[in-house]
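**Student:** Start counting the sequence shown at 39; every next residue gets the next number (the numbering used here).
Following this message is one structure expressed as structure tokens.
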Amino acid sequence: MEKPLILVTNDDGITAPGLRALVRYMKEIGDVVVVAPDSPQSGMGHAITLDNTLYSKKVTIDTENGGTEEYSCSGTPADCVKLALQELLDRKPDICVSGINHGSNSSINVIYSGTMSAAIEAGIEGIPAIGFSLCDFSWDANFEKAGDAIKRIVREALEKGMPQGVVLNVNIPKLEGKAYRGIKISRQARANWKEKFDKRISPMGKEYYWLTGEFELLDKGEDTDEWALANDYISLVPTQFDLTAHHAIQNINNWNLNE
Numbered sequence: 039m040e041k042p043l044i045l046v047t048n049d050d051g052i053t054a055p056g057l058r059a060l061v062r063y064m065k066e067i068g069d070v071v072v073v074a075p076d077s078p079q080s081g082m083g084h085a086i087t088l089d090n091t092l093y094s095k096k097v098t099i100d101t102e103n104g105g106t107e108e109y110s111c112s113g114t115p116a117d118c119v120k121l122a123l124q125e126l127l128d129r130k131p132d133i134c135v136s137g138i139n140h141g142s143n144s145s146i147n148v149i150y151s152g153t154m155s156a157a158i159e160a161g162i163e164g165i166p167a168i169g170f171s172l173c174d175f176s177w178d179a180n181f182e183k184a185g186d187a188i189k190r191i192v193r194e195a196l197e198k199g200m201p202q203g204v205v206l207n208v209n210i211p212k213l214e215g216k217a218y219r220g221i222k223i224s225r226q227a228r229a230n231w232k233e234k235f236d237k238r239i240s241p242m243g244k245e246y247y248w249l250t251g252e253f254e255l256l257d258k259g260e261d262t263d264e265w266a267l268a269n270d271y272i273s274l275v276p277t278q279f280d281l282t283a284h285h286a287i288q289n290i291n292n293w294n295l296n297e
């Protein structure tokens with residue numbers, strides 16, 4: 039029986055420890071092909087390369103158990119998925135998994151996330167897709183504790199299928215010395231960033247800016263991803279790339295737009 043083909047990508051770069059962990063987990067489930075950026079692309083959202091040349095090359099990073107078919111790409115996470123589907127893969131993958139991201143992609147962060155944008159690009163092409171993130175920005179973060187949960191989610195998605203037009207956003211809390219309480223299906227918490235720019239002067243006397251900010255949670259609900267993470271659950275949010283505000287259509291229909 040043919041194993042499922044799993045496309046693995048990320049936004050932290052092809053050598054990132056989170057991606058290397060995800061590759062190991064996915065090789066227990068199916069045949070893995072990696073197409074990932076050759077350098078960090080965090081915060082790129084759904085950007086694609088239009089005015090620069092896009093490069094890709096086959097690389098050897100994982101040499102265990104016969105190695106893994108892998109390609110580095112000079113573009114964004116969304117570029118990686120486009121290139122994989124159009125040029126690099128011999129057949130359509132059964133699922134695309136993106137991550138494991140170094141840092142949270144919960145709540146409003148999903149808008150900026152390269153990790154989730156790669157998964158969304160696969161979802162647009164009709165491929166089941168999941169983005170995984172660990173709420174630890176450290177390069178040497180411990181991804182091993184999340185392995186069993188990640189594999190369980192992927193196996194369930196392959197076995198049960200996923201709703202059309204839906205991509206899963208999975209965030210994993212950073213826990214020290216205790217176990218996860220489970221996986222909680224959640225909604226995206228309402229929040230924003232209170233941002234400011236730190237204005238500085240370079241050694242050459244030129245002004246430059248460094249973006250800083252504080253995360254502001256505006257949602258007290260106990261059914262959100264932020265609540266789940268704060269209470270030691272892995273959060274799983276079904277997201278969609280249809281951005282239509284369906285609930286607003288009737289209201290705007292009352293506007294006098296054609297008179």
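Think of the CB as a built atom: it goes at the ideal place given N, C-alpha and C, for glycine as much as any other residue.
Look at isoleucine 165 and cysteine 134 and say whether their C-beta atoms are less than 7 Å apart.
**Tutor:** The answer is yes: Cβ separation under 7 Å.
**Student:** Applying the 10 Å Cβ sphere with the 16-neighbour rule, what's the burial state of proline 201?
**Tutor:** Exposed, because fewer than 16 other Cβ atoms sit within 10 Å of the Cβ of proline 201.
**Student:** Quick one: using the 10 Å Cβ neighbour count with 16 as the cut-off for buried, is proline 241 buried or exposed?
**Tutor:** exposed
**Student:** In terms of DSSP beta bridges, what is valine 192 paired with?
**Tutor:** Per DSSP, none; premise fails for valine 192.
**Student:** Can you find the residues in the same chain that come closer than 8 Å, C-beta to C-beta, to leucine 126, ignoring five residues on each side of it along the sequence?
**Tutor:** Val71, Val73, Ser94 and Tyr109
**Student:** What residues in its chain sit with their C-beta under 7 Å from that of glycine 152, if we drop five residues either side in the sequence?
**Tutor:** Asp49, Gln79, Ser80, Gly81, Met82, Gly83, Thr114 and Pro115
**Student:** Closest to asparagine 147 by C-alpha separation, out of Lys237, Leu121, Leu281 and Trp231, would be which residue?
**Tutor:** Trp231
**Student:** Just to confirm, is the Cβ distance from leucine 255 to glutamate 245 under 7 Å?
**Tutor:** no
**Student:** Contact between the region 154-162 and the region 172-190 is defined here as three or more beta-carbon pairs at a separation below 8 Å; is this criterion met?
**Tutor:** no
**Student:** CB alanine 195 to CB serine 224, shorter than 7 Å?
**Tutor:** No. Outside cutoff.
**Student:** Can you give the Cα-Cα distance for glycine 169 and glycine 137, rounded to whole angstroms?
**Tutor:** Glycine 169 and glycine 137 have their C-alpha atoms roughly 6 Å apart.
**Student:** Would you say alanine 268 and serine 145 are within 7 Å of each other, going by their C-beta atoms?
**Tutor:** no
**Student:** Rounding to the nearest angstrom, what Cα-Cα distance links aspartate 128 and threonine 277 in this structure?
**Tutor:** Going from the Cα of aspartate 128 to the Cα of threonine 277 covers about 28 Å.
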